[in-house]
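Here the structure comes first, spelled out in structure tokens, and everything after it is commentary.
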Amino acid sequence: MGSSSDNYSLLLDNTPSIQITSPQEAVVSGPIEVAGTAVFKPTLNTQKGAIDLYVNSRWTGMRKKCMTEECTFSFQEIAGHLYDMGHGGPYTVELVASGGGAKANDSKTFKVDNTPSIQITSPQEAVVSGPIEVAGTAVFKPTLNAQKGAIDLYVNSRWTGMRKKCMTEECTFSFQEIAGHLYDMGHGGPYTVELVASGGGAKASDSKTFKVDNTPSIYITSPEGIVSPPFDIAGSAVFKPTNSNVKGTISVYINNRYTGISKSCPTENCTLSYKDMRGYLYSPSPGGPYTIQFWATGGGARAKDEKTFKVVPCNLKAVDLMVDSDIFDRATGGMVNFSGSLVDDSNRTIQWKVNVGGQSLSGEGTSVLAAWDGKDSSGKLVEPDTYVATLTAQTAEGTCSAKETKSVPVTIESQPEDPCLLACFGSTVHLASGNLRHSQTLFPLPRSKLGGDFVLTYNSLDGQGSPLGTGWTHTYNVRLNENSNGSYTLVEGDGRRVALYSRGDRYTPKSSNYPALTVLEDDTATLEHKEGIFYSFDSVGKVTAISDRNSNKVTLVYTDGNLPTPTAT
Numbered sequence: 072m073g074s075s076s077d078n079y080s081l082l083l084d085n086t087p088s089i090q091i092t093s094p095q096e097a098v099v100s101g102p103i104e105v106a107g108t109a110v111f112k113p114t115l116n117t118q119k120g121a122i123d124l125y126v127n128s129r130w131t132g133m134r135k136k137c138m139t140e141e142c143t144f145s146f147q148e149i150a151g152h153l154y155d156m157g158h159g160g161p162y163t164v165e166l167v168a169s170g171g172g173a174k175a176n177d178s179k180t181f182k183v184d185n186t187p188s189i190q191i192t193s194p195q196e197a198v199v200s201g202p203i204e205v206a207g208t209a210v211f212k213p214t215l216n217a218q219k220g221a222i223d224l225y226v227n228s229r230w231t232g233m234r235k236k237c238m239t240e241e242c243t244f245s246f247q248e249i250a251g252h253l254y255d256m257g258h259g260g261p262y263t264v265e266l267v268a269s270g271g272g273a274k275a276s277d278s279k280t281f282k283v284d285n286t287p288s289i290y291i292t293s294p295e296g297i298v299s300p301p302f303d304i305a306g307s308a309v310f311k312p313t314n315s316n317v318k319g320t321i322s323v324y325i326n327n328r329y330t331g332i333s334k335s336c337p338t339e340n341c342t343l344s345y346k347d348m349r350g351y352l353y354s355p356s357p358g359g360p361y362t363i364q365f366w367a368t369g370g371g372a373r374a375k376d377e378k379t380f381k382v383v384p385c386n387l388k389a390v391d392l393m394v395d396s397d398i399f400d401r402a403t404g405g406m407v408n409f410s411g412s413l414v415d416d417s418n419r420t421i422q423w424k425v426n427v428g429g430q431s432l433s434g435e436g437t438s439v440l441a442a443w444d445g446k447d448s449s450g451k452l453v454e455p456d457t458y459v460a461t462l463t464a465q466t467a468e469g470t471c472s473a474k475e476t477k478s479v480p481v482t483i484e485s486q487p488e489d490p491c492l493l494a495c496f497g498s499t500v501h502l503a504s505g506n507l508r509h510s511q512t513l514f515p516l517p518r519s520k521l522g523g524d525f526v527l528t529y530n531s532l533d534g535q536g537s538p539l540g541t542g543w544t545h546t547y548n549v550r551l552n553e554n555s556n557g558s559y560t561l562v563e564g565d566g567r568r569v570a571l572y573s574r575g576d577r578y579t580p581k582s583s584n585y586p587a588l589t590v591l592e593d594d595t596a597t598l599e600h601k602e603g604i605f606y607s608f609d610s611v612g613k614v615t616a617i618s619d620r621n622s623n624k625v626t627l628v629y630t631d632g633n634l635p636t637p638t639a640t
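Each residue of the sequence shown is one higher than the one before, starting from 72 at the first, in this note's numbering.
Put into structure tokens, the structure is as follows:
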């Protein structure tokens with residue numbers, strides 16, 4: 072038998088397939104996942120193949136052994152974390168699948184942008200003053216490092232040594248938090264503050280340019296114009312804030328010569344007074360003109376104020392003070408008119424005052440004209456008595472006062488009210504004085520034959536206090552006041568006043584014989600009305616009893632100075 076043979080050529084292709092699934096972007100940031108999928112051809116081997124990671128053609132040492140024909144690669148699964156590649160690039164990641172004696176690869180090229188963002192939030196103004204806060208906020212890209220980045224402060228391109236280590240991706244910088252105080256940069260500029268954020272291999276910065284104006288303000292309050300010795304040298308300064316214990320100094324010069332007067336100011340608002348510093352006023356010889364300068368120095372800046380003054384003797388005098396009528400009746404109203412004169416040879420503005428009855432009447436010039444309405448400073452009628460009106464005067468700047476005062480007496484009377492001057496409309500208005508009187512009956516007094524209604528009354532011009540309040544009174548709030556001129560004032564239960572003057576052994580109004588007051592040696596008193604009603608007063612002027620000729624009587628008992636308790640008998 073014969074033999075024969077047949078030959079075959081076989082091409083075996085075990086090339087796997089491989090595809091990168093991450094990253095896909097051309098630009099990424101922070102740690103990334105490198106992942107892909109390979110499919111190996113069948114093999115009898117337990118390990119079907121392997122996937123290796125290369126970066127920029129260098130093997131990273133990261134390999135995935137694949138025990139199945141379809142196999143995935145994950146950097147995070149193998150390493151336990153994402154791949155922190157660092158800012159820059161371009162980077163080319165390549166996954167190489169090896170199996171069945173064949174290889175395949177896939178690659179991606181990209182850049183990593185880890186540039187942080189940074190923004191200065193303070194200062195914002197073009198001009199600032201005093202210590203300032205330098206602050207800002209940075210946002211860093213993710214990183215596997217515990218410290219995400221740092222923020223550094225530069226001023227005029229020089230590092231200040233101030234650094235904030237940032238342990239979170241969002242981070243704030245505060246000079247005050249780091250240093251424990253604000254940044255005291257000093258007057259001047261321009262200054263450029265720059266915050267530089269560094270992290271993930273990248274940097275970013277933000278800057279602000281500004282000037283610092285620490286110029287203080289300074290004002291001379293004395294002397295100025297024409298003055299008379301002795302006088303105070305005084306002024307005030309306002310300094311800009313500073314971290315220093317001394318905020319600034321005030322120095323005094325006269326005619327460009329330093330006077331030796333200087334004050335260190337521990338507060339931003341500072342006053343200088345020659346009198347406070349030396350304990351006495353400044354007393355130069357007459358002369359001038361002089362130029363006084365106050366210099367305020369603080370925060371690296373200076374400011375000045377300047378005044379010109381002349382020193383003259385004080386020759387202001389009050390010549391006289393007269394009154395057109397030395398008697399004023401509360402019951403009829405009107406005005407008391409004062410006139411007077413002053414002399415002065417310095418051509419300064421003269422300010423005068425006529426003080427009378429608690430009220431101050433003022434004006435300017437050497438002629439005095441003033442009118443008084445018989446009221447005190449609160450607008451209430453003064454009590455009947457004799458008051459002294461006193462004229463005082465001084466120059467407007469206050470360095471010269473009249474050496475003598477002039478005075479005149481004014482007597483305030485209160486005669487029984489004229490019914491023709493009363494307008495009634497439920498309440499009563501006195502047409503001359505303007506007093507509004509309102510009365511309200513509360514209740515009658517049981518078993519009383521002496522007009523026992525208990526009535527509350529309010530008088531708008533009555534400034535005397537009472538248990539019920541200023542201006543209020545009641546039926547039994549009858550008082551007797553002894554005046555400085557020897558007269559007495561009867562204060563009725565409705566607030567009316569009647570002045571009583573001495574007539575022998577009794578005191579009566581000038582225009583009538585009643586009511587008539589008899590004062591005993593122990594200072595108790597009895598008041599008789601024309602109708603035969605008698606009021607008894609104790610030594611301090613409180614009414615203690617009301618009686619008539621028929622032996623009807625109301626006794627009033629006071630408890631701790633409160634409202635009296637009336638008892639009728």
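By construction, the Cβ of each residue, glycine as well, lies at the ideal position given by its N, Cα and C atoms.
*For lysine 112, which three-state DSSP category applies?*
Counted from its first residue, the sequence shown places residue 112 at position 41. Three-state result, lysine 112: coil.
*Is the beta carbon of proline 287 less than 7 Å from the beta carbon of alanine 308?*
Along the sequence shown, read from residue 1 onward, the residue named residue 287 stands at position 216. Along the sequence shown, read from residue 1 onward, the residue named residue 308 stands at position 237. Cβ atoms of proline 287 and alanine 308: closer than 7 Å.
*Output the boundary residues of the alpha helix (DSSP H) element that contains methionine 348.*
Working through the sequence shown from its first residue, we reach residue 348 at position 277. Segment 345-349, the alpha helix (DSSP H) holding methionine 348.
*For aspartate 576, which residues of its own chain have a beta-carbon under 8 Å away from its beta-carbon, when the five flanking residues on both sides are left out?*
Numbered from 1 along the sequence shown, position 505 holds the residue referred to as residue 576. Non-local C-beta neighbours of aspartate 576 in its own chain, meaning closer than 8 Å and more than five positions away in sequence, comprise Thr589, ordered along the chain.
*Cα-Cα, which of Pro187, Asn216, Ala587, Asp255 is closest to isoleucine 222?*
What you label residue 222 is simply residue 151 of the sequence shown in a count that begins at 1. Shortest Cα-Cα distance from isoleucine 222 to any of Pro187, Asn216, Ala587, Asp255 involves Pro187.
*Contact belief for proline 487 with proline 357 at Cβ below 8 Å, rounded distance in angstroms*: Sequence index remark: in the sequence shown, residue 487 carries index 416 (1-based). Sequence index remark: in the sequence shown, residue 357 carries index 286 (1-based). No, proline 487 and proline 357 are not in contact; Cβ-Cβ is about 60 Å, not under 8 Å.
*asked:* If distances are taken between C-alpha atoms only, which option among Ser228, Glu454, Pro194 comes closest to tyrosine 254?
replied: On the sequence shown, position 183 is the one that residue 254 refers to. When each option's Cα is compared against that of tyrosine 254, the closest is Pro194.
*What separation, rounded to the nearest whole angstrom, lies between the Cα atoms of isoleucine 304 and alanine 464?*
Your numbering for residue 304 matches position 233 in the sequence shown. Your numbering for residue 464 matches position 393 in the sequence shown. Approximately 22 Å between the Cα atoms of the pair.
*Would you say lysine 446 and serine 433 are within 7 Å of each other, going by their C-beta atoms?*
Looking up residue 446 in the sequence shown gives position 375. Looking up residue 433 in the sequence shown gives position 362. It is not a contact, given that the beta carbons lie outside the stated cut-off.
_Three-state secondary structure assigned by DSSP to glutamine 195_ = Taking the first residue of the sequence shown as position 1, residue 195 is located at position 124. Correct three-state label for glutamine 195: coil.
_Given a cut-off of 7 Å on the beta-carbon distance, is the pair isoleucine 617 and tyrosine 629 in contact?_
As a working note, residue 617 is residue 546 in the sequence shown. As a working note, residue 629 is residue 558 in the sequence shown. Cβ distance not < 7 Å, so isoleucine 617 and tyrosine 629 don't count as in contact.
*Between which two residues does the beta strand (DSSP E) carrying glutamate 148 extend?*
Counting from one through the sequence shown, the residue named residue 148 turns up at place 77. Taken as a continuous stretch (DSSP letters only), glutamate 148 belongs to no beta strand (DSSP E), being part of the alpha helix (DSSP H) at 146-150.
*Meets three-Cβ-pair contact criterion under 8 Å: the segment 468-485 and the segment 375-394*: yes
_Between glycine 201 and alanine 209, how many whole angstroms is the CB-CB distance? I'm expecting something under 8 Å._
Locating residue 201 in the sequence shown gives position 130, where the first residue counts as 1. Locating residue 209 in the sequence shown gives position 138, where the first residue counts as 1. Not really, about 26 Å apart at Cβ, beyond 8 Å.
*Name the DSSP bridge partner or partners of proline 480?*
Counting from one through the sequence shown, the residue named residue 480 turns up at place 409. When DSSP reads this structure, proline 480 sits in a beta bridge with Val459.
*What are the partner residues of arginine 234, as DSSP defines its beta bridges?*
For the purposes of this step, residue 234 is identified with residue 163 of the sequence shown, where counting begins at 1. DSSP output for arginine 234 lists Asp223 as bridge partner(s).
*Same chain only: Cβ atoms within 7 Å of serine 531, ignoring 5 sequence neighbours per side*: As a position in the sequence shown, residue 531 is number 460, starting the count at 1. Excluding sequence neighbours, serine 531 sits near Asn506, Leu507, Gly542.
_Environment of isoleucine 398 [buried if 16+ CB atoms lie within 10 Å]_ = Position 327 of the sequence shown, counted from the start, is the residue given in the question as residue 398. That one is exposed.
*When burial is assigned at 16 or more other CB atoms within 10 Å of the CB, is glycine 157 buried or exposed?*
By 1-based counting over the sequence shown, the position of residue 157 is 86. The residue in question, glycine 157, is exposed, as its Cβ has fewer than 16 Cβ neighbours within 10 Å.
_I'd like to check one pair, methionine 238 with glutamine 218: are the Cβ atoms closer than 7 Å?_
If you number the sequence shown from 1, residue 218 lands on position 147. If you number the sequence shown from 1, residue 238 lands on position 167. Result yes, Cβ atoms of glutamine 218 and methionine 238 sit closer than 7 Å.
*Are there 16 or more other CB atoms within 10 angstroms of the CB of valine 267, so buried, or fewer, so exposed?*
The residue you call residue 267 lines up with position 196 of the sequence shown. Valine 267 is buried by the Cβ-count criterion.
_For phenylalanine 310, three-class secondary structure by DSSP_ = As a first step, residue 310 must be located in the sequence shown, where it is residue number 239. The answer is coil: DSSP assigns phenylalanine 310 none of H, G, I, E or B.
*Give a yes or no on whether the C-beta atoms belonging to asparagine 314 and histidine 258 are separated by under 7 Å.*
Position 243 of the sequence shown, counting from 1, holds the residue named residue 314. Position 187 of the sequence shown, counting from 1, holds the residue named residue 258. In this structure, histidine 258 does not lie closer than 7 Å to asparagine 314 by Cβ.
*Kindly indicate the opening and closing residues of the alpha helix (DSSP H) around glutamate 295.*
Here residue 295 refers to the residue found at position 224 when the sequence shown is read from its first residue. That residue, glutamate 295, is in no alpha helix (DSSP H); it is neither H nor E in DSSP.
*Locate the alpha helix (DSSP H) running through glutamine 247, then write down its first and last residues.*
Position 176 of the sequence shown, counted from the start, is the residue given in the question as residue 247. Taken as a continuous stretch (DSSP letters only), the alpha helix (DSSP H) holding glutamine 247 covers 246-250.
*Pull up the distance between the alpha-carbon of threonine 143 and that of glycine 107, whole angstroms please.*
Residue mapping note: residue 143 aligns to position 72 of the sequence shown, counting from 1. Residue mapping note: residue 107 aligns to position 36 of the sequence shown, counting from 1. Each residue's Cα considered, the two are about 6 Å apart.
*Give me whichever residues DSSP pairs with phenylalanine 525 in a beta bridge.*
Taking the first residue of the sequence shown as position 1, residue 525 is located at position 454. Phe514.
*Do valine 164 and valine 99 come within 7 Å of each other at the CB atom, strictly closer than that value?*
Counting from one through the sequence shown, the residue named residue 99 turns up at place 28. Counting from one through the sequence shown, the residue named residue 164 turns up at place 93. Not closer than 7 Å, so no.
*What distance in whole Å lies between the Cβ atoms of serine 335 and tyrosine 668, which are believed to be in contact at a cut-off of 8 Å?*
Residue 668 is absent from the structure shown; the chain starts at 72 and stops at 640.
*How many angstroms separate the CA atom of glycine 319 from the CA atom of leucine 343?*
To locate residue 319, count along the sequence shown from 1; it is residue 248. To locate residue 343, count along the sequence shown from 1; it is residue 272. Answer to the nearest angstrom: the Cα atoms are 12 Å apart.
_Residue span of the beta strand (DSSP E) that contains serine 417, given as start and end_ = For the purposes of this step, residue 417 is identified with residue 346 of the sequence shown, where counting begins at 1. First-last for serine 417: undefined, no H or E at that position.
*Pick from Ala372, Thr263, Val199, Glu196: whose alpha carbon is nearest that of arginine 229?*
Indexing the sequence shown from 1 puts residue 229 at position 158. Proximity to arginine 229 across Ala372, Thr263, Val199, Glu196 peaks at Thr263, based on C-alpha coordinates.
_Taking 6 Å as the cut-off, is the C-beta of arginine 577 nearer than that to any heavy atom in the ligand FAD?_
Judged by which ligands are present, the structure shown has none, so any question about the ligand FAD falls away.
*asked:* Using only CA atoms, which one of Val394, Asp415, Glu96 lies nearest to methionine 406?
replied: Here residue 406 refers to the residue found at position 335 when the sequence shown is read from its first residue. It is Val394.
*Would you mind working out which of Gln511, Leu561, Leu571, Ala442 sits nearest histidine 545, comparing C-alpha positions?*
Indexing the sequence shown from 1 puts residue 545 at position 474. Of the candidates Gln511, Leu561, Leu571, Ala442, the one whose C-alpha sits nearest the C-alpha of histidine 545 is Gln511.
*Through-space distance from histidine 600 to serine 622, alpha-carbon basis*: For the purposes of this step, residue 622 is identified with residue 551 of the sequence shown, where counting begins at 1. For the purposes of this step, residue 600 is identified with residue 529 of the sequence shown, where counting begins at 1. If I take the Cα positions, the gap works out to 15 Å.
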